[in-house]
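Quick note on numbering: full-length UniProt numbering labels position 17 of the sequence shown as 17, and the sequence is numbered without any gaps. Where is the CB? At the ideal position from N, CA and C, for every residue including glycine. A quick write-up on the structure given underneath.
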Amino acid sequence: MAENEEYQLRSNTGITTDISDKDISRLFKKCGTFGRYQRWLYSYLFITKILTGSSGMSLTFSTANVPFLCYPPNFNASLIPANLTENEYLQMLQPDGDDQCSVYDNSFTGTYYTTPSSNSSKLQCSYGRKFLTENFSTIVSEFDLVCERKWLKSTLQSVYFAGYLVGSFVTGILADSKC
């Protein structure tokens, strides 16, 4: 019964599958080997696909989130206690948890700043930020795309890929047209 089904399948499709190893070797002899043109074409396609992928990935790295600290209002670095660095003091002003876009109001005793208590009032991070990037910068740190401006980062990514899409269509049409 299996032979009958195979015969029906073969007769319905019109394709015969009786190819021997001898036929395949004759086909390779007729077509030739992987020549210079095939190597060139393979290399060209490989390089262009790598470059296409890297341009898409570049936005991922250039818009990386960068840690930052918020400045309190009327901040003066010379009034920080001598046993603290500026970064250490600014970290003490950051509330615990995920709320990186707020800062405790700094306490001033007349001579230097003091450590804020946990029930100090929280302020929005609108008095400036210090990005903790010493060896690199990203679009986020250059254009201050955090907190109230965070939406600009996702808009930038959407516009970039929309331009990528439109550019692909336009260059495809131009490549097919006879100029």
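Beta bridge counterpart(s) of residue i as assigned by DSSP
{"i": "Gln124", "result": "Ser102"}
Residue i CB to nearest heavy atom of the ligand GTP below 7 Å
{"i": "Ile80", "result": "As far as ligands go, the structure on display features none, and thus does not contain the ligand GTP."}
The beta strand (DSSP E) enclosing residue i, as first and last residue numbers
{"i": "Cys70", "result": "Phe68 to Cys70"}
{"i": "Phe131", "result": "Arg129 to Phe131"}
Cβ separation of residue i and residue j, assumed to be a contact under 8 Å, to the nearest whole Å
{"i": "Leu90", "j": "Leu69", "result": "4 Å"}
{"i": "Ser141", "j": "Val66", "result": "5 Å"}
Residue j beta carbon less than 8 Å from that of residue i
{"i": "Phe64", "j": "Thr155", "result": "In the sequence as presented, Phe is not what sits at residue 64; that position holds Ala. No. Outside cutoff."}
{"i": "Asn83", "j": "Leu93", "result": "no"}
{"i": "residue 228", "j": "Tyr127", "result": "Because the chain in this structure spans residues 1 to 179, residue 228 falls outside the shown range and cannot be described."}
{"i": "Cys125", "j": "Val103", "result": "yes"}
{"i": "Lys153", "j": "Leu145", "result": "yes"}
{"i": "Ala77", "j": "Glu86", "result": "yes"}
Residue i: first and last residue of the uninterrupted alpha helix (DSSP H) it sits in
{"i": "Arg36", "result": "Arg36 to Ser62"}
{"i": "Cys31", "result": "Asp21 to Cys31"}
{"i": "Gln157", "result": "Trp151 to Asp176"}
{"i": "Ile139", "result": "Ile139 to Glu142"}
{"i": "Leu90", "result": "Glu86 to Met92"}
Three-pair Cβ contact test at 8 Å for the region 130-137 versus the region 47-59: no
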